[in-house]
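**Student:** Sharing a structure below in structure tokens format, with a few things to ask.
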Amino acid sequence: MLYISSRISIPDNEINFSAIRAQGAGGQNVNKVATAIHLRFDIRASSLPEFYKEKLLKLKRQCISKDGVIVIKAQQHRSQVQNREAALRQLQLIIQSVAVVQKKRKPSRPTRSSQKKRLDRKTKRGKVKALRRKVIE
Numbered sequence: 006m007l008y009i010s011s012r013i014s015i016p017d018n019e020i021n022f023s024a025i026r027a028q029g030a031g032g033q034n035v036n037k038v039a040t041a042i043h044l045r046f047d048i049r050a051s052s053l054p055e056f057y058k059e060k061l062l063k064l065k066r067q068c069i070s071k072d073g074v075i076v077i078k079a080q081q082h083r084s085q086v087q088n089r090e091a092a093l094r095q096l097q098l099i100i101q102s103v104a105v106v107q108k109k110r111k112p113s114r115p116t117r118s119s120q121k122k123r124l125d126r127k128t129k130r131g132k133v134k135a136l137r138r139k140v141i142e
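Following this line, the structure appears as structure tokens:
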């Protein structure tokens, strides 16, 4: 059971794991042992609330396929168990990031004194430039 929040959790049968060989430099161990983990989570077939499903499907992330399947590859650690936990943590963070609702920005207006100061600076600058012009007699 993967807990997203106090009320929302994902049962283990909705998350598919497959062990694969890790990429990159290693040694003899890398060639014989499948320590990397591929995690697959189908958003549409999950038991998540509709709000979460819609937000997840709208996300523009490389790990979410067009079919609505989250694919996470974890190969940071040398043991399969640690990579499995890392993949679950990553899935949990992705789903939790969707739950945060952005506060709507309220546009602010400049204060009256700041507008007055701006206009005063403009007129002062204009007078300085006017003094630089040629004197016409």
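Add 5 to the 1-based position in the sequence shown for the working numbering, that's all there is to it. Ideal placement from N, C-alpha and C gives every residue a C-beta, glycine not left out. Only a predicted model underlies this, so the values are computations on that prediction, with no experimental measurement involved.
Taking all protein chains shown into account, decide if Thr40 is buried (16 or more other Cβ within 10 angstroms of its Cβ) or exposed.
**Tutor:** With 16 or more Cβ atoms within 10 Å of its Cβ, Thr40 is classed as buried.
**Student:** So who's on the other strand from Asn18, going by DSSP bridges?
**Tutor:** In DSSP, Asn18 forms no bridge with anything.
**Student:** Starting from Ile69, follow its DSSP beta bridges and name the residues at the other end.
**Tutor:** The partner list for Ile69 (beta bridge, DSSP) reads Ile75.
**Student:** Classify Ala27 as helix, strand or coil using the three-state DSSP reduction.
**Tutor:** Ala27 falls in the coil class under three-state DSSP.
**Student:** Between the C-alpha atoms of Leu96 and Ala24, what's the straight-line distance to the nearest angstrom?
**Tutor:** For Leu96 and Ala24, the distance between alpha carbons rounds to 17 angstroms.
**Student:** Between the Cα of Ile99 and those of Arg126, Arg66, Lys122 and Ser118, spot the shortest distance and give me the residue it belongs to.
**Tutor:** Comparing Cα positions, the closest option is Arg66.
**Student:** Name, in chain order, the residues that DSSP records as bridge partners for Tyr8.
**Tutor:** DSSP output for Tyr8 lists Ser14 as bridge partner(s).
**Student:** Can you say whether Ala50 is buried or exposed, counting buried as having 16 or more other CB atoms within 10 angstroms of its CB?
**Tutor:** When all chains shown are included, Ala50 counts as exposed.
**Student:** Quick one: what's Phe46 bridged to in DSSP?
**Tutor:** DSSP lists Ile20 and Ile75 as partners of Phe46.
**Student:** Quick check on Gln141: buried or exposed, where buried means 16 or more other Cβ atoms within 10 Å of its Cβ?
**Tutor:** The identity of residue 141 in the sequence shown is Ile, whereas the question assumes Gln. So Ile141 ends up on the exposed side.
**Student:** Are the Cβ atoms of Arg45 and Ile75 separated by less than 9 angstroms?
**Tutor:** Closer than 9 angstroms, so yes.
**Student:** Could you tell me the alpha carbon to alpha carbon distance between Phe182 and His43, rounded to whole angstroms?
**Tutor:** The chain is shown from 6 up to 142; residue 182 falls before or after that span and cannot be answered.
**Student:** According to the neighbour-count rule (16 or more other Cβ atoms, all chains shown, within 10 Å of its Cβ), is Asn88 buried or exposed?
**Tutor:** By the 10 Å Cβ count, Asn88 comes out buried.
**Student:** Using only CA atoms, which one of Met6, Glu55, Leu61 and Ala30 lies nearest to Gln101?
**Tutor:** With distances taken between Cα atoms, Gln101 lies closest to Leu61.
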